[in-house]
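Protein chains in written order, with our numbering: chain L, 1494 to 1622; chain E, 1494 to 1622.
A virtual CB, placed ideally from N, CA and C, is assigned to each residue, including glycine.
Protein chains: 2
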Amino acid sequence: MAENNIEEGLELMLQYEKRGGLLPVVAQDYATGDVLMLAYANEAGFQETWRTGYATFWSTSRNELWTKGKASGDLLRMREILVDCDQDALVYRVEVVGGGACHTKGADGRYRKTCFYRKVEGGNGLVFR
Amino acid sequence: MAENNIEEGLELMLQYEKRGGLLPVVAQDYATGDVLMLAYANEAGFQETWRTGYATFWSTSRNELWTKGKASGDLLRMREILVDCDQDALVYRVEVVGGGACHTKGADGRYRKTCFYRKVEGGNGLVFR
């Protein structure tokens, strides 16, 4: 049964077409477990990540392959790649090589380590963590 | 500047329309940092999550609001909700109330705690973690 192969099998069968060609990827700090960013991978991005050992995504704003930190040096070095039951989502467990994973800068003028630097408070408000 | 408000502001302005009405949501174990599952929220799901304190998603297979574990009792109790720089992705930091977050069962006959129970090995193969 195909569903069972996807869920219980040991063959990688990523379901790109189910998600319009792009799978959501959670980049997680291997050492701390912090969620660093949420990005997307197409098949070329996934293959490039595997080949090079550095997280490569598909930029949905620029519509191009995007090796995170290639320009800035803030690369995400791959430690392991996890796949979910439905094979339509990935977790990249990575080491942050440079300053941080986010393109925004904090009050100290440095790139923030994680893109998730705010939390919801009161329903419609945010606070910095 | 709108982009700066989204990135640095303290007003929740989730960018649903940018992602076709659905934002990816990372459910993360509050205690351990484990990534439990990747699901999607529309605005109704997000509001229901905030109102009830239990993770509620939009099921992309059934096309309906889906309070995780409502039938099985394996609810995900919300501890905090994180928002990313672009406000187009969420992290739900949760407590697993029941047996696990995944709908699949492990060798012990119990629901698996996380949907990410396999990792990529050798490029096209998977191993159980």
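Cβ closer than 9 angstroms: which chain E residues qualify as neighbours of V1589 (chain L)? Position 96 of the first sequence, counted from the first residue, corresponds to residue 1589 (chain L). Using a Cβ-Cβ cut-off of 9 angstroms, V1589 (chain L) is close to nothing in chain E; its nearest Cβ partner there is about 15 angstroms away.
Three or more C-beta pairs below 8 angstroms linking the region 1599-1619 of chain L and the region 1575-1587 of chain E: Between the region 1599-1619 of chain L and the region 1575-1587 of chain E, the count of C-beta pairs closer than 8 angstroms reaches three or more; the two stretches touch.
Could you tell me which whole alpha helix (DSSP H) segments of length 4 or greater appear in the region 1545-1614 of chain E? None, since the region 1545-1614 of chain E contains no complete alpha helix (DSSP H) of that length.
Can you grab the Cα-Cα spacing for the pair D1472 (chain L) / Q1521 (chain L), in whole Å? No information on residue 1472 (chain L) is available, as it lies outside the stretch 1494 to 1622 that chain L covers here.
R1605 (chain E), buried or exposed, once every other Cβ within 10 Å from all chains shown has been counted against 16: Start at 1 with the first residue of the second sequence, and residue 1605 (chain E) comes out as number 112. Per the 10 Å Cβ criterion, buried.
Answer yes if the region 1534-1545 of chain E comes into contact with the region 1508-1519 of chain E, meaning at least three C-beta pairs across the two stretches below 8 angstroms, and no otherwise. Taking a cut-off of 8 angstroms for Cβ pairs, the region 1508-1519 of chain E and the region 1534-1545 of chain E touch, as three or more such pairs fall below it.
Could you check if N1561 (chain L) is buried or exposed, using at least 16 other CB atoms within 10 Å of its CB as the buried criterion? Locating residue 1561 (chain L) in the first sequence gives position 68, counting from the first residue. According to the sequence provided, residue 1561 (chain L) is Lys. The question's Asn does not apply to it. When all chains shown are included, K1561 (chain L) counts as buried.
At which residue ranges does the region 1515-1540 of chain E contain complete alpha helix (DSSP H) runs of 4 or more residues, listed in the order of the chain? Uninterrupted alpha helix (DSSP H) stretches at least 4 residues long and entirely within the region 1515-1540 of chain E do not occur.
Would you say T1597 (chain L) reaches chain E, if we count a Cβ-Cβ gap shorter than 8 angstroms as a contact? Within the first sequence, numbered from 1, the residue matching residue 1597 (chain L) stands at position 104. With 8 angstroms as the cut-off, T1597 (chain L) counts as an interface residue toward chain E.
For L1619 (chain E), write down the residues that DSSP places opposite it in a beta bridge. By one-based count along the second sequence, residue 1619 (chain E) stands at place 126. L1619 (chain E) is bridged by DSSP to E:V1613.
When the Cβ atoms of the region 1550-1569 of chain L are set against those of the region 1565-1573 of chain E, are three or more pairs found closer than 8 angstroms? Contact between the region 1550-1569 of chain L and the region 1565-1573 of chain E is absent: fewer than three C-beta pairs spanning the two stretches fall below 8 angstroms.
G1593 (chain L) to T1549 (chain L), Cα distance in whole Å? Counted from its first residue, the first sequence places residue 1593 (chain L) at position 100. Counted from its first residue, the first sequence places residue 1549 (chain L) at position 56. Whole-angstrom Cα-Cα distance: 15 angstroms.
Going by C-alpha distance, which of E:T1597, E:W1559, E:G1615, E:A1524 is nearest N1631 (chain L)? Given that chain L is displayed from residue 1494 to residue 1622, the structure contains no residue 1631 (chain L) and the question cannot be resolved.
Excluding sequence positions up to five away, which residues of its chain have a Cβ less than 7 angstroms from the Cβ of A1582 (chain L)? For the purposes of this step, residue 1582 (chain L) is taken as the residue at position 89 of the first sequence. Around A1582 (chain L), the same chain offers L1516, P1517 as residues with beta carbons nearer than 7 angstroms, after the five sequence neighbours per side are excluded.
Which residue wins for smallest C-alpha separation from N1556 (chain L), given the options L:R1603, L:G1538, L:M1530, L:T1525? In the first sequence, the residue the question calls residue 1556 (chain L) occupies position 63. The shortest C-alpha separation from N1556 (chain L) is found at L:G1538.
Assign R1586 (chain L) to one of two classes, buried (16 or more other C-beta atoms within 10 Å of its C-beta) or exposed (fewer than that). Counting from 1 along the first sequence, the entry for residue 1586 (chain L) is found at position 93. It is buried - the Cβ of R1586 (chain L) has at least 16 other Cβ atoms within 10 Å.
Using the Cα positions of V1584 (chain E) and G1599 (chain E), report the straight-line distance between them to the nearest angstrom. Along the second sequence, one-based indexing puts residue 1584 (chain E) at 91. Along the second sequence, one-based indexing puts residue 1599 (chain E) at 106. Each residue's Cα considered, the two are about 25 angstroms apart.
Classify V1590 (chain L): buried if its beta carbon has 16 or more other beta carbons within 10 angstroms, exposed otherwise. For this step, residue 1590 (chain L) is matched to residue 97 along the first sequence. The Cβ neighbour count for V1590 (chain L), taken over all protein chains shown within 10 Å, is under 16; the residue is labelled exposed.
E1614 (chain L) CB to nearest heavy atom of the ligand ATP below 7 angstroms: This structure simply doesn't include the ligand ATP, nor any ligand for that matter.
Measuring only the C-alpha atoms, how far is T1553 (chain L) from E1541 (chain E)? Translated into the one-based positions of the first sequence, residue 1553 (chain L) becomes position 60. Translated into the one-based positions of the second sequence, residue 1541 (chain E) becomes position 48. Approximately 28 angstroms between the Cα atoms of the pair.
Check whether G1546 (chain L) and M1571 (chain L) have beta carbons under 8 angstroms apart: Translated into positions along the first sequence, residue 1546 (chain L) becomes position 53. Translated into positions along the first sequence, residue 1571 (chain L) becomes position 78. Cβ distance < 8 angstroms, so G1546 (chain L) and M1571 (chain L) count as in contact.
Answer with yes or no whether the minimum CB distance from L1505 (chain E) to chain L is below 8 angstroms. As a first step, residue 1505 (chain E) must be located in the second sequence, where it is residue number 12. Chain L has a Cβ within less than 8 angstroms of the Cβ of L1505 (chain E).
Against K1612 (chain L), what residues of chain E qualify as contacts under a CB-to-CB distance less than 8 angstroms, listed in chain order? As a first step, residue 1612 (chain L) must be located in the first sequence, where it is residue number 119. Simply E1573, I1574, L1575, V1576.
Check whether chain E comes within 8 angstroms of G1616 (chain L), counting only Cβ atoms and requiring the distance to be less than that. Taking the first residue of the first sequence as 1, we reach residue 1616 (chain L) at position 123. Output row for G1616 (chain L): interface = yes.
Determine, using beta carbons only, whether L1531 (chain E) comes closer than 8 angstroms to chain L. In the second sequence, residue 1531 (chain E) corresponds to position 38, counting from 1. Taking Cβ atoms only, chain L reaches closer than 8 angstroms to L1531 (chain E), which makes this a yes.
Any Cβ of chain E within less than 8 angstroms of the Cβ of F1609 (chain L)? Translated into positions along the first sequence, residue 1609 (chain L) becomes position 116. Closer than 8 angstroms: yes.
Is the Cβ of E1557 (chain L) closer than 8 angstroms to any Cβ of chain E? Within the first sequence, numbered from 1, the residue matching residue 1557 (chain L) stands at position 64. With its beta carbon at least 8 angstroms from every one in chain E, E1557 (chain L) lies outside the interface.
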